[in-house]
């Protein structure tokens, strides 16, 4: 992946570690990050689970900081390593692990630090989210464009589920934005955060739908992936689950923020919330089976809720 560099110190173990470091290592941070979130948000959370989640979170922040520093040193010492890695049709896909792992760091900061660190903590988390969203959009556009423009072999058999990683990063950023919008004191900032997250959610869902279609076509025409790549068949659940969680978080935040700001009609908050619930059910119905009776019952309850909101506004 990297070019040969003649250096008197190239044989040092730590230099070899830095030189051959890859964005794939950020997937480890994704795992530790989501583990800390799950430990913190598990129902019937005990004190020991909270402190265990804090320990895992500290480990996750340490690993993320180390990985970022190693990456910066690597591309500063060997600049050509960046272009070589970016042109690699497989390794470049794991650039998406950077904003996704960063999103898990911000999520736990919201859950653990903001309640205790005062009014500056939400602003700091908001600034981190803006940076993460920019990184997610850059990866979502840059990686597929580089693969399409520089990779000469576009055979359908080379498509695998890992191609979903770049388009999953905006969905992770949308989840984090929904969490931040719920804790921002400035309702205007929260409002525009929700609107930006809806745009991120739309980009991620649309591009994921396109890639999922191509991937399923590849499975039909070229059979299953190789034996060593079989675990990757679980990756299509990633954009579906992230999109569901983002829809719920953005709906909950809109239900709280939109009636306060007044930019849109007061009923817009409940409308976005109901749309989020409906969007959440789509991947659930796809994975668990479609129950028409339950589906229509939920939609009827949603419409009844909207009618009650409208009646309440008319009485005002």
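Numbering (this note's numbering), first residue to last: 1 to 316.
Ideal placement from N, C-alpha and C gives every residue a C-beta, glycine not left out.
- Closest by C-alpha distance to residue 16, out of 48, 71 and 59, is 71.
- Across the structure, residue 233 and residue 164 are spaced so that their CA atoms are roughly 11 Å apart.
- For residue 101, the closest of 213, 175 and 222 by C-alpha to C-alpha distance is 175.
- With 16 or more neighbouring CB atoms inside 10 Å of its own CB, residue 40 falls in the buried class.
- For residue 209, the enclosing alpha helix (DSSP H) covers residues 187–222.
- Between residue 94 and residue 27, the beta carbon gap of about 7 Å places them in contact (Cβ cut-off 8 Å).
- Contact between residue 183 and residue 248 does not hold, since their C-beta atoms are separated by about 16 Å, which reaches or exceeds 8 Å.
- In the displayed model, residue 155 falls within coil according to three-state DSSP, outside both helix and strand.
- Taking a contact as a CB-CB distance under 8 Å, the pair residue 103 and residue 172 counts as one, their CB atoms being some 4 Å apart.
- Pairing residue 59 with residue 221, the inter-Cα distance amounts to about 43 Å.
- Using a Cβ-Cβ distance cut-off of 8 Å, the segment 131–139 and the segment 194–202 are in contact, since at least three pairs of beta carbons, one from each stretch, lie closer than that value.
- For residue 82, the CB contacts under 7 Å within the same chain, skipping 5 residues up- and downstream, are 75 in chain order.
- At least 8 Å separates the beta-carbon of residue 125 from that of residue 195.
- The beta carbons of residue 162 and residue 108 sit no closer together than 8 Å.
- Contact annotation: residue 29 and residue 67 have beta-carbon atoms nearer than 8 Å.
- Excluding sequence positions up to five before and after residue 53, its CB lies within less than 7 Å of the CB of 36, 39 and 40, all in the same chain and listed in chain order.
- If only complete runs of 4 or more residues are kept, the segment 109–161 shows the alpha helix (DSSP H) at 114–117 and 120–150, in order along the chain.
- Residue 225 carries a coil assignment under DSSP once its states are collapsed to helix, strand and coil.
- Taking the CA atoms as reference points, residue 121 sits about 47 Å from residue 224.
- CA-to-CA, the gap between residue 110 and residue 56 works out to about 15 Å.
- For residue 170, the CB contacts under 6 Å within the same chain, skipping 5 residues up- and downstream, are 136, 140, 200, 203 and 204 in chain order.
- Excluding its 5 nearest sequence neighbours in each direction, residue 215 has C-beta neighbours in its own chain below 8 Å: 159, 160, 161, 163, 164 and 236, listed in chain order.
- For residue 191, the number of other beta carbons within 10 angstroms of its own is at least 16, and it is reported as buried.
- For residue 54, the uninterrupted alpha helix (DSSP H) run begins and ends at 47–77, by DSSP.
- Here DSSP, grouped into helix, strand and coil, assigns residue 107 to helix.
- Apart from the 5 residues on each side of it in sequence, residue 211 sits with its Cβ closer than 7 Å to the Cβ of 163, 164 and 167 in its chain, given in chain order.
- Put simply, the backbone Cα of residue 90 is about 25 Å away from that of residue 105.
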